[in-house]
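A short worksheet on the structure shown next.
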Amino acid sequence: EIICADLSLNNVTDSEAFPGLIRQTHRKIRAASADGAYDTRLCHDELRRKKISALIPPRKGAGYWPGEYADRNRAVANQRLT
1 EIICADLSLN NVTDSEAFPG LIRQTHRKIR AASADGAYDT RLCHDELRRK
51 KISALIPPRK GAGYWPGEYA DRNRAVANQR LT
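Position 14 of the sequence shown, counted from 1, bears residue number 14 in UniProt numbering, the numbering being contiguous throughout.
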C-alpha cells in the first residue's frame, strides 16, 4: 500500500528524500522496507525517531555504527557471515 509520495529533482538522492516521506504520514507504521540505498544514518535516524522498524539491508562492505544502531549492526554481522 502506498501511503506517501514525493517528486524531487534528479540531484536529490532517494535516501535524502526518505525522511520527508516518513514525516508525511500520520498513520502508525510498524516497519519500513527499502533497498540498501537507504542504509544511511539519515534514514535510520528518522525511522528510530518515529519508532519504525527498519527493514533495510546494509550496503555491501558496510561497517558498524555506534551503539544506538544495534539492530543495524546485527544485520551487518549477519551479512558478513554469508
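Every residue gets a Cβ at the ideal spot worked out from N, C-alpha and C, and that includes glycine.
Where residue i falls, given that 16 or more other Cβ within 10 Å makes a residue buried
i   : result
L47 : buried
R72 : buried
P66 : exposed
A54 : buried
Distance, residue j Cα to residue i Cα
i          : j   : result
L81        : R74 : 11 Å
I52        : D45 : 10 Å
residue 85 : F18 : Only positions 1 to 82 of the chain appear in this structure, which leaves residue 85 out of reach.
A62        : I56 : 12 Å
A5         : K60 : 27 Å
P58        : V76 : 6 Å
Best match in the options for proximity to residue i [C-alpha to C-alpha]
i          : options            : result
I3         : G63, Q24, L9       : Q24
residue 87 : Y69, K50, A77, P58 : Residue coverage of the chain in this structure runs from 1 to 82, which leaves residue 87 outside it and unanswerable.
A37        : D14, S8, A77, N10  : D14
L42        : Y69, R27, N11      : Y69
As assigned by DSSP and simplified to three states, the class of residue i
i   : result
L9  : coil
A32 : strand
A62 : coil
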